[in-house]
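**Q**
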Amino acid sequence: MSKKFLLFSFLIYFILFSLQASATPGYLHLVGQDSFVQKMESLFEEKETPPAPPAVGRRFFRRGLYGGIGFSFIEADVHERDLRDDIGNIANPGNYPKYDFGEGFGIQLKAGFHLNSLLAVETQFDFLTKMNESAKDVSNLTRSDFVSLVAMFGARASFPLGRRLRVYGYFGLGFVQLDYFERTTDTSGNILYEIDSWEYDFAVRFSMGAEYFLIRRLAFYLDIAYTKGVGEVEGFGYFATTFGAILHL
Numbered sequence: 008m009s010k011k012f013l014l015f016s017f018l019i020y021f022i023l024f025s026l027q028a029s030a031t032p033g034y035l036h037l038v039g040q041d042s043f044v045q046k047m048e049s050l051f052e053e054k055e056t057p058p059a060p061p062a063v064g065r066r067f068f069r070r071g072l073y074g075g076i077g078f079s080f081i082e083a084d085v086h087e088r089d090l091r092d093d094i095g096n097i098a099n100p101g102n103y104p105k106y107d108f109g110e111g112f113g114i115q116l117k118a119g120f121h122l123n124s125l126l127a128v129e130t131q132f133d134f135l136t137k138m139n140e141s142a143k144d145v146s147n148l149t150r151s152d153f154v155s156l157v158a159m160f161g162a163r164a165s166f167p168l169g170r171r172l173r174v175y176g177y178f179g180l181g182f183v184q185l186d187y188f189e190r191t192t193d194t195s196g197n198i199l200y201e202i203d204s205w206e207y208d209f210a211v212r213f214s215m216g217a218e219y220f221l222i223r224r225l226a227f228y229l230d231i232a233y234t235k236g237v238g239e240v241e242g243f244g245y246f247a248t249t250f251g252a253i254l255h256l
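Heads up: the sequence shown begins at 8 in my numbering, then just goes up one per residue.
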C-alpha cells in the first residue's frame, strides 16, 4: 500500500480515538460543542426518561437495523497477466506490460442488522470510479481502464471500547462486476488490438474498522478493507479506506 493510503488511514483513526479520549462516561464534552451535541441528542431521545445505562454503554450499542453511506479512497491491486487471462485475451499472447493503476475513489452503501451488541449481519455495495493507466511496451503504447461494482454480504463482530467507540472486524462474500477496456496502438496511432469486455464472478472481503457514536443513533465510521476477486476476475483486487456515517434505527 502507498504512503498516502496509510497516512490517510492513520489520520482518521487518530481523530476517532482522540474523540473517544475526550468523552466522559456521561456525555461527550468537546470544546465549544456541548450545546450542539445536547440539542442533537434531544432530537433522537425518547420522551420518557430512559433507565440508567449499564457500564458497557448499551445506550449506544443495541439491537436493530442500521444503514450508512461512505466515501472511499481506493488503491488498485490489479495483476495484469491474470486479468487478461480472465477476460479471454488471446491477442498478443505473452506480452504483458506492467501496470500501476494507482489511486482512485469510490462510494459505499451499507445496511445491516445488529443481532446483539457484538454481532451483526451486513450487506455492502461499492461503486469504484474509473481508474486508468498507460504502459510503454517497446514501440507500442497500451492504455487501460476499468470501472467496478461490488456487492457483499457478511458478518461483523464488534467490541466496545467505552460508551461511544467500538472496533469491529468484517468478513463478506459477494460478487464483483468489472468493466474493462484496453487499447494498444503503435507510434503512428494505428490500433493494433482492442479489448472492451465485462466480467463478473465471486469475491471475498476482509475489513477492520472503528465506529464512533456522536449521538445515540448517529455514528461515524472508518473502515479499512481488502477485496479480492476469484474465478473470472481473479486478477482484480483493491484496498479501500472508507469514512462515512451510519444511522441506527
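Glycine is no exception: its CB is placed at the ideal position from the N, C-alpha and C atoms.
(1) Just to confirm my understanding: we take Asp84, look at its own chain, exclude 5 residues before and 5 after, and list those with CB closer than 6 Å. What are they?
(2) In angstroms, rounded to a whole number, what distance separates the CA positions of Leu256 and Val157?
(3) How is the beta strand (DSSP E) around Asp208 delimited, first residue to last?
(4) Let's test the definition: count the other Cβ atoms within 10 Å of the Cβ of Phe78 and tell me whether it reaches 16, buried, or not, exposed.
(5) Would Ser214 pass as a contact of Ile231 if the rule is Cβ separation under 8 Å?
(6) Between the alpha carbons of Leu135 and Arg163, how many angstroms are there, rounded?
(7) Taking C-alpha atoms, which residue in Ile198, Lys235, Leu172 and Leu199 lies nearest to Ile222?
(8) With distances taken from CA atoms, which of Tyr207, Glu189, Tyr228 and Ile81 is nearest Leu199?
(9) If you draw a straight line from the alpha carbon of Gly179 to that of Arg212, how long is it in whole angstroms?
(10) Quick check on DSSP: helix, strand or coil for Gly169?
(11) Looking at C-alpha atoms only, which residue of Gln184, Gly216 and Ile253 is the closest neighbour of Lys235?
(12) Quick one, which of Tyr177, Thr191, Met138 and Arg70 has its alpha-carbon nearest Lys117's?
(13) Grouping DSSP H, G and I as helix and E and B as strand, with all else coil, what is Val183?
(14) Sorted by chain position, which residues of the same chain lie with C-beta nearer than 8 Å to Val237's C-beta, five sequence neighbours on each side aside?
(15) Tell me which same chain residues have a C-beta within less than 8 Å of the C-beta of Phe166, skipping the five on either side of it?
(16) Is Val157 helix, strand or coil by DSSP?
(17) Determine the burial state of Leu72: buried for a count of at least 16 other Cβ atoms within 10 Å of its Cβ, exposed for fewer.
(18) Tell me, which residues are paired with Asp152 by DSSP?
(19) Thr7: buried (16+ other C-beta within 10 angstroms of its C-beta) or exposed?
(20) If we count the other Cβ atoms within 10 Å of its Cβ and call it buried at 16 or more, is Ile253 buried or exposed?
(21) Which of the three DSSP states is assigned to Pro32 in this structure?
**A** Considering the structure as presented:
(1) Gly244 and Tyr245
(2) 25 Å
(3) Ile198 to Phe220
(4) exposed
(5) yes
(6) 23 Å
(7) Leu172
(8) Glu189
(9) 5 Å
(10) coil
(11) Gln184
(12) Tyr177
(13) strand
(14) Asp208, Phe209, Ala210 and Val211
(15) Leu125, Arg173, Val174 and Tyr175
(16) strand
(17) exposed
(18) Asn139 and Phe188
(19) Given that the chain is displayed from residue 8 to residue 256, the structure contains no residue 7 and the question cannot be resolved.
(20) buried
(21) Caution applies to Pro32, whose pLDDT of 47 falls short of 50 and renders its modelled position unreliable; the value that the coordinates give is listed next. In the structure shown, Pro32 sits in coil (DSSP, three-state: anything other than H, G, I, E or B).
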